[in-house]
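Trainee: Sequence positions in the sequence shown follow the numbering used here and run 34 to 462.
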Amino acid sequence: MAEITDDTGVTHSIAGGNLLDRLFQTLHRHSEPAESLLHTLCHLGDAQEVQVFVVGGLVRDMMLDEPSNFTTPLDIDLAIDGDLTQVHTELAAAADARPTFHDRFGTASVSLFDGTRIDVARTRSERYSSPGALPIVSPATIEVDLSRRDFTVNAVALPLTGDRRGDILDPHEGLKDLRRRQIRTLHEASFRDDSTRLVRAARYAARIGGAIERRTLADARRDRHHLGALSPERFGDAWRLLLTEQLPCPALEIARRLKIPQSRDARWTVARSTLAAADGPQQFWASVGLLSRDRDIVDWLPRSVGMHRRERLALQAGTQLRQERRRIAGVRRASRVAEALGRFPEVALFAAERLWSGTSGAAVSRYLERRASVQSPITAERLMELGVGQGPAIGDWLGRVDAAIWDGELDPADPESVARMEQRIRWSR
Numbered sequence: 034m035a036e037i038t039d040d041t042g043v044t045h046s047i048a049g050g051n052l053l054d055r056l057f058q059t060l061h062r063h064s065e066p067a068e069s070l071l072h073t074l075c076h077l078g079d080a081q082e083v084q085v086f087v088v089g090g091l092v093r094d095m096m097l098d099e100p101s102n103f104t105t106p107l108d109i110d111l112a113i114d115g116d117l118t119q120v121h122t123e124l125a126a127a128a129d130a131r132p133t134f135h136d137r138f139g140t141a142s143v144s145l146f147d148g149t150r151i152d153v154a155r156t157r158s159e160r161y162s163s164p165g166a167l168p169i170v171s172p173a174t175i176e177v178d179l180s181r182r183d184f185t186v187n188a189v190a191l192p193l194t195g196d197r198r199g200d201i202l203d204p205h206e207g208l209k210d211l212r213r214r215q216i217r218t219l220h221e222a223s224f225r226d227d228s229t230r231l232v233r234a235a236r237y238a239a240r241i242g243g244a245i246e247r248r249t250l251a252d253a254r255r256d257r258h259h260l261g262a263l264s265p266e267r268f269g270d271a272w273r274l275l276l277t278e279q280l281p282c283p284a285l286e287i288a289r290r291l292k293i294p295q296s297r298d299a300r301w302t303v304a305r306s307t308l309a310a311a312d313g314p315q316q317f318w319a320s321v322g323l324l325s326r327d328r329d330i331v332d333w334l335p336r337s338v339g340m341h342r343r344e345r346l347a348l349q350a351g352t353q354l355r356q357e358r359r360r361i362a363g364v365r366r367a368s369r370v371a372e373a374l375g376r377f378p379e380v381a382l383f384a385a386e387r388l389w390s391g392t393s394g395a396a397v398s399r400y401l402e403r404r405a406s407v408q409s410p411i412t413a414e415r416l417m418e419l420g421v422g423q424g425p426a427i428g429d430w431l432g433r434v435d436a437a438i439w440d441g442e443l444d445p446a447d448p449e450s451v452a453r454m455e456q457r458i459r460w461s462r
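Next comes the structure, spelled out in structure tokens:
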């Protein structure tokens, strides 16, 4: 382990030693299927003179030597300089499933049995015809491939085969930036070429506990308007990845300070208060619904940011729950609160618990605390034994029993209390 002091006087640990050993130790701890596959690809590459490289995030996180960065399941990016045919065969065998191919980009992806995702790509060059367009690609060397990457900290590779096996490739001084905990693009047109990198810059700066380098920051501010050229799907995917970070709030705060658009529509941007309730994409969008005063937001925002169905439903639940807030705050009976809140999904309720103060916030907290313990001892079958006929009366009595538990009139753990309720049901016939 090496300790290196950056320009600010802060000391960081950078992993040393045999990186190949470290790679396979990491895989052994987190994904034995991936460990086995990479061993196979090492032998395959040497036998067929195909160069295999681990690139990007896995190498970056190994060099940081921070185990918490290794999320499960793993995401592993491989770059191949040579014929991909046999590599694809080995991928399919490892996953017992056909990989997903993207012929336009020379890539394939597959999920292993433990959920580990493997992305394989031919080493290539890229050029962009216009901002927001997909790249035009052609085969190239690993050095050219690394030069097309988004940030220097991701433009590093670990060869698994050939003469350079085990020697880190770092042509753009990504390790120096990693030591400084800074995110830096490889060239000044990077954000124009692919404006999703604006969102990724915030993600990675937060993930490594650092900041965006000064020139890169200026480029980001200059080119942030290019996000509007993206399709809603690509725009939504970029933000979705940020929201699924282990700690999305720091990344969202960086994006907010950069004034990176969170929507292709200028009517909406992330409020600081929304960050407090961000715990994954669905809870984030539920929070947006809870805070927005725009009655039509459910109609236009999902199209603007390319929401998935569950995210759209979470936004809708948030807007509907916001409309219930005043009524919830004015209700005293716990059963009435439970009736009002019971139709909303957890993501909206957890967001409301974080965002709402006063009586309404306390009501949501009490509901979430108590609902698991509200288990009725009187089932539909028992109701029929007590003489309640099939049909709407069953549902009516189930609701009345639950209400009695919420209001403290029935203790499901007290046999005498249950007996009194059953007697009441008999008398009602």
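Where is the CB? At the ideal position from N, CA and C, for every residue including glycine.
Keep in mind the model is a prediction, meaning the values are calculated, not measured.
What do you get for T122, buried or exposed, if any count of 16 or more other CB atoms within 10 angstroms of its CB means buried?
Mentor: Per the 10 Å Cβ criterion, exposed.
Trainee: Provide the residue(s) that pair with H135 in DSSP beta bridges, ordered along the chain.
Mentor: Partner(s): T140.
Trainee: Can you give me the Cβ contacts of A288 inside the same chain, cut-off strictly under 6 Å, excluding the 5 residues immediately before and after it?
Mentor: Only A235 meet the Cβ criterion.
Trainee: Just to confirm before moving on: does the CB-CB distance between I169 and S163 stay below 8 Å?
Mentor: Contact: no.
Trainee: Hey, could you find the ends of the alpha helix (DSSP H) P448 is sitting in?
Mentor: Segment P448 to W460, the alpha helix (DSSP H) holding P448.
Trainee: If you measure between the beta carbons of L374 and V407, is that distance less than 8 Å?
Mentor: For L374 and V407, no; Cβs fall outside 8 Å.
Trainee: Measuring only the C-alpha atoms, how far is F138 from A67?
Mentor: The alpha-carbon atoms of F138 and A67 are separated by roughly 23 Å.
Trainee: How about D114 and T174: are their beta carbons less than 8 Å apart?
Mentor: Yes, these two residues count as a Cβ contact at 8 Å.
Trainee: Per DSSP, what kind of secondary structure is S171 in: helix, strand or coil?
Mentor: Residue state, collapsed to three classes: strand.
Trainee: Going by the CB atoms, is the gap between T59 and A112 shorter than 8 Å?
Mentor: The answer is no: Cβ separation not under 8 Å.
Trainee: Can you tell me whether W460 is buried or exposed, with buried defined as 16 or more other CB within 10 angstroms of its CB?
Mentor: Exposed: under 16 other Cβ atoms inside 10 Å.
Trainee: Is M34 helix, strand or coil when you go by DSSP?
Mentor: Per-residue confidence for M34 stands at a pLDDT of 42, beneath the threshold of 50, marking its modelled position as unreliable; the derived number appears in the next sentence. The answer is coil: DSSP assigns M34 none of H, G, I, E or B.
Trainee: Looking at C-alpha atoms only, which residue of L56, A284, F268 and R387 is the closest neighbour of G242?
Mentor: Measuring from the Cα of G242, the nearest candidate turns out to be A284.
Trainee: Is it the case that the stretch 257-269 contacts the stretch 220-238, given that we only count it when at least three CB pairs across the two stretches are under 8 Å?
Mentor: Contact holds: three or more Cβ-Cβ distances are below 8 Å.
Trainee: Under 8 Å Cβ to Cβ from G42, same chain only, skipping five residues before and after it: list those, please.
Mentor: Note on G42: pLDDT 45, under 50, position unreliable in the model; no value is reported.
Trainee: What do you reckon, are the CB atoms on T149 and P106 nearer than 8 Å?
Mentor: Yes. Within cutoff.
Trainee: Have a look at the DSSP bridge pairing and note the partners of F86.
Mentor: In the DSSP output, where bridge partners are listed per residue, F86 has A112 and P192.
Trainee: With H, G and I counted as helix, E and B as strand and the rest as coil, what does DSSP make of S158?
Mentor: Reduced to three states, the DSSP call for S158 is strand.
Trainee: Under 6 Å Cβ to Cβ from E357, same chain only, skipping five residues before and after it: list those, please.
Mentor: Around E357: A373.
Trainee: Look at the alpha carbon of S223 and the alpha carbon of R217, and state the distance between them as a whole number of angstroms.
Mentor: For S223 and R217, the distance between alpha carbons rounds to 10 Å.
Trainee: Output the boundary residues of the alpha helix (DSSP H) element that contains G351.
Mentor: G351 -> alpha helix (DSSP H) spans R342 to G363.
Trainee: To the nearest whole angstrom, what separates the beta carbons of A166 and L145, a pair I think is in contact under 8 Å?
Mentor: Their Cβ separation, rounded to whole angstroms, is 32 Å, which puts A166 and L145 out of contact at 8 Å.
Trainee: For L382, which residues of its own chain have a beta-carbon under 7 Å away from its beta-carbon, when the five flanking residues on both sides are left out?
Mentor: Result list for L382: L374, V397 and L401, in chain order.
Trainee: Taking W430 as the reference, which of D94, I151 and T412 has the closest Cα?
Mentor: Residue T412 is the option with its Cα nearest to W430.
Trainee: Should G89 go down as buried or exposed, given a rule of 16 or more other Cβ atoms within 10 Å for buried?
Mentor: Counting Cβ neighbours within 10 Å, G89 comes out buried, since at least 16 surround it.
Trainee: Flag this pair as touching only if the stretch 186-203 and the stretch 80-95 have three or more C-beta atom pairs under 8 Å; answer yes or no.
Mentor: They touch, by the three-pair rule.
Trainee: Going along the chain, which unbroken runs of the alpha helix (DSSP H) with 4 or more residues stay wholly within the stretch 197-282?
Mentor: DSSP runs (the alpha helix (DSSP H)) wholly in the stretch 197-282: 207-212, 223-226, 229-240, 247-256 and 265-276.
Trainee: Could you pull the start and end residues of the alpha helix (DSSP H) that G428 belongs to?
Mentor: Run containing G428: P425 to W439, per the alpha helix (DSSP H) assignment.
Trainee: Alpha carbons only, please: which of Q215, L275 and P294 is nearest the one belonging to R254?
Mentor: The residue with the shortest Cα to Cα distance from R254 is P294.
Trainee: Helix, strand or coil for V43? Go by DSSP, reduced to three states.
Mentor: Interpretation of V43 is limited by its pLDDT of 43, a score under 50 that renders its predicted location unreliable; the figure taken from the coordinates is listed afterwards. Looking at V43 - three-state DSSP - the assignment turns out to be coil, as it is neither helix nor strand.
Trainee: Can you tell me the Cα-Cα spacing of P281 and V380, whole angstroms?
Mentor: C-alpha separation (whole angstroms): 16 Å.
Trainee: Consult DSSP for R62 and reduce its assignment to one of helix, strand or coil.
Mentor: The answer is helix: DSSP assigns R62 an H, G or I state.
Trainee: For R474, count neighbouring C-beta atoms within 10 Å of its own C-beta (all shown protein chains included) and say buried if the count is 16 or more, exposed if not.
Mentor: Lying before the first or after the last residue shown, residue 474 is absent from the chain, which here runs from 34 to 462.
Trainee: Who does V153 pair with in a DSSP beta bridge?
Mentor: The partner list for V153 (beta bridge, DSSP) reads L111 and A141.
Trainee: Are the CB atoms of G363 and L323 within a distance shorter than 8 Å?
Mentor: Not closer than 8 Å, so no.
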